[in-house]
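Trainee: Residue numbers (full-length UniProt numbering): 1 to 444.
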């Protein structure tokens, strides 16, 4: 029986959060996953299905991380087999890459089929341990491993060509594993260029019984021969384990049975990710909303979920005040400090509440009534004035008339300040004014 570990999308050197600890997380996750599920489990080999690195240009410290991981496997006599991904593939027209460097000097088996060959030649050539080149390797454990390159939009056409070349290879071991870095449609939203499942079938017909995918950062399996483990560590808040299961795959291939047994492993060192949600109420003031946000985070703090974690608080729903009335930057800083999170992200996705006063029968509609209705709706949208919109609507009408008469701005400000101050307590208004302004609630 052959046993191997399938991982992909390691992304060493990840730096999007501009946080050195976050960059180190990706090596810590890789190291612990290899210790637990490759070395301790005594697998026969490890495959990396693309994107070992985050960037094509690799910093020395990040290169050292990859070298340390390879040395761990070499000391355990476990071959490491890899292909390039879209993040770390060779630049167009170049024969070198940092993956190629690791193959030349640090024992990585980098499988690279030729992009184009003369008629009658095969893109797949056996791995040469002296030259450190080749595109497939037959292992003593009874498995043939086939490589591929990053093909982008040409992937469907290349699959057909590769399948023809696979059929033309000399007979090999019982099991055939192929590494391929591309996504399959239907797994994530807003992903253009994904392969259809039907695009992969030529590989199955050519004898591949385990297609080891990478590229999409979530676990999925198709028909018990196509497997994608997802990213080793979360690349974004959306990739937390609660929302997006992912990890590394422990795989067994038994003699006489073409069906692989693959188990998703997630129990290795990873940075915890916590997503919190707060729904607003339309009658909240900015102070009310801030207090609710703090209470939401304090509840997570009490549960021990935030310390050293990546935390996101998403605030959504209607508010009856201008978005800018809440100082989100100050609130984010306060919550970050209070939660002791490594990274704290505050998403402020609130919307203004829409109001609409009913239209009166046409014989009652006058310009003054329409004007009063508009002013009433505007006042009702603001939490600070909603309870006084009946009283303030005539004030706005009067203010408009004064403005049209050309009164001085200083006089207008004084008039408005005095009028607002006088409405702090309920006042009586006429029946006619009530008919024009009494509907200050949102229409549902």
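All C-beta atoms, glycine included, are put in the ideal place defined by N, C-alpha and C.
Using only the alpha-carbon positions, how far apart do residue 307 and residue 171 sit?
Mentor: Approximately 55 angstroms between the Cα atoms of the pair.
Trainee: Which residue from 77, 342, 352 puts its Cα closest to that of residue 324?
Mentor: The shortest C-alpha separation from residue 324 is found at 352.
Trainee: State the CB to CB distance for the pair residue 102 and residue 108, rounded to an integer number of angstroms; the pair is presumed to be in contact (CB under 8 angstroms).
Mentor: Indeed they touch by this definition, with Cβ atoms about 4 angstroms apart.
Trainee: Unbroken alpha helix (DSSP H) runs of length 4 or more, entirely within the stretch 141 to 177: which are they?
Mentor: Listed in chain order, they are 155 to 167.
Trainee: My guess is that residue 226 and residue 200 are in contact by the Cβ rule of under 8 angstroms, so how many angstroms apart are they, rounded?
Mentor: Sure, about 6 angstroms apart at Cβ, within 8 angstroms.
Trainee: Going by Cα to Cα distance, which pick from 86, 46, 71 is closest to residue 56?
Mentor: Of 86, 46, 71, the residue nearest in Cα terms is 86.
Trainee: To the nearest angstrom, how far is it from the Cα of residue 388 to the Cα of residue 403?
Mentor: Approximately 22 angstroms between the Cα atoms of the pair.
Trainee: Kindly identify the DSSP beta-bridge partner or partners of residue 45.
Mentor: Paired residues: 4.
Trainee: Return the Cβ separation of residue 183 and residue 216 in integer angstroms, given the expectation that the two are a contact with Cβ distance under 8 angstroms.
Mentor: Confirmed, about 4 angstroms.
Trainee: To which residues of the same chain is residue 76 closer than 7 angstroms at the C-beta, ignoring the five residues directly before and after it?
Mentor: 39, listed in sequence order.
Trainee: Runs of 3 residues minimum, wholly inside the stretch 306 to 356: which ones carry the beta strand (DSSP E) assignment?
Mentor: Runs of the beta strand (DSSP E) inside the stretch 306 to 356: 310 to 319, 343 to 352.
Trainee: Residue 231 bridges to which residues according to DSSP?
Mentor: Partner(s): 8.
Trainee: When burial is assigned at 16 or more other CB atoms within 10 Å of the CB, is residue 283 buried or exposed?
Mentor: Result: exposed.
Trainee: Would the beta-carbon of residue 445 fall within 7 angstroms of that of residue 219?
Mentor: Residue 445 lies beyond the stretch modelled for the chain, which goes from 1 to 444, so this question has no answer here.
Trainee: Measure how close the beta-carbons of residue 80 and residue 70 come, nearest whole angstrom, since I'm counting them as under 8 angstroms.
Mentor: Rounded, the Cβ-Cβ distance is 6 angstroms, consistent with contact.
Trainee: Where DSSP assigns a beta bridge to residue 295, which residues make up the other side?
Mentor: DSSP, once it has assigned bridges, lists no residue as partnering residue 295.
Trainee: Have a look at the DSSP bridge pairing and note the partners of residue 133.
Mentor: Answer by DSSP bridge pairing, in chain order: 128.
Trainee: What are the start and end residues of the alpha helix (DSSP H) that includes residue 196?
Mentor: Residue 196 -> no alpha helix (DSSP H), and no H or E assigned at all.
Trainee: Between residue 128 and the rest of its own chain, which residues show a CB-CB distance below 6 angstroms, the 5 nearest in sequence each way excluded?
Mentor: Only 134 meet the Cβ criterion.
Trainee: Can you give the Cα-Cα distance for residue 192 and residue 116, rounded to whole angstroms?
Mentor: Going from the Cα of residue 192 to the Cα of residue 116 covers about 26 angstroms.
Trainee: Which residues does DSSP pair with residue 265 in a beta bridge?
Mentor: Note: residue 265 sits in a beta bridge opposite 248.
Trainee: Can residue 12 and residue 82 be called in contact, C-beta distance under 7 angstroms?
Mentor: No, the Cβ-Cβ distance between residue 12 and residue 82 is not below 7 angstroms.
Trainee: Restricting to Cα atoms, I'd like to know which of 401, 395, 36 is closest to residue 422.
Mentor: Ranking 401, 395, 36 by Cα distance to residue 422 puts 395 first.
Trainee: Taking 6 angstroms as the limit between beta carbons, can you name the residues of its chain near residue 97, skipping five residues before and five after?
Mentor: Cβ within range, chain order: 90.
Trainee: For residue 179, which of helix, strand or coil comes out of DSSP?
Mentor: Residue 179: strand per DSSP, three-state reduction.
Trainee: Once DSSP output is grouped into helix, strand and coil, what is the label at residue 384?
Mentor: Here residue 384 sits in coil by DSSP.
Trainee: Would you kindly check if the distance between the Cβ of residue 185 and the Cβ of residue 194 is under 7 angstroms?
Mentor: Yes, the pair counts as a contact, with Cβ atoms nearer than the cut-off.
Trainee: Out of 25, 408, 291, point me to the one whose CA is closest to residue 327's CA.
Mentor: Per the Cα distances, 291.
Trainee: According to DSSP, simplified to helix, strand and coil, what is residue 216?
Mentor: It is coil, neither helix nor strand.
Trainee: If you compare alpha carbons, which of 22, 6, 3, 5 is closest to residue 234?
Mentor: Ranking 22, 6, 3, 5 by Cα distance to residue 234 puts 22 first.
Trainee: Leaving out five residues before and five after residue 425 in sequence, what residues of the same chain have Cβ atoms less than 7 angstroms from its Cβ?
Mentor: Low confidence applies to residue 425: its pLDDT is 47, below 50, so where it sits in the model is not reliable enough to give any reading.
Trainee: Taking residue 141 as the reference, which of 332, 390, 259, 45 has the closest Cα?
Mentor: For the residues 332, 390, 259, 45, the minimum Cα distance to residue 141 belongs to 45.
Trainee: Please tell me whether residue 305 and residue 274 are closer than 7 angstroms, where the distance is taken between their beta carbons.
Mentor: It is a contact, given that the beta carbons lie within the stated cut-off.
Trainee: Can you pull the DSSP bridge partners for residue 108?
Mentor: For residue 108, which the question treats as bridged, DSSP gives no partner whatsoever.
Trainee: My assumption, with CB atoms under 8 angstroms, is that residue 315 sits in contact with residue 341. Please give the rounded CB distance.
Mentor: Actually they are not in contact, since the Cβ atoms of residue 315 and residue 341 sit about 16 angstroms apart, beyond 8 angstroms.
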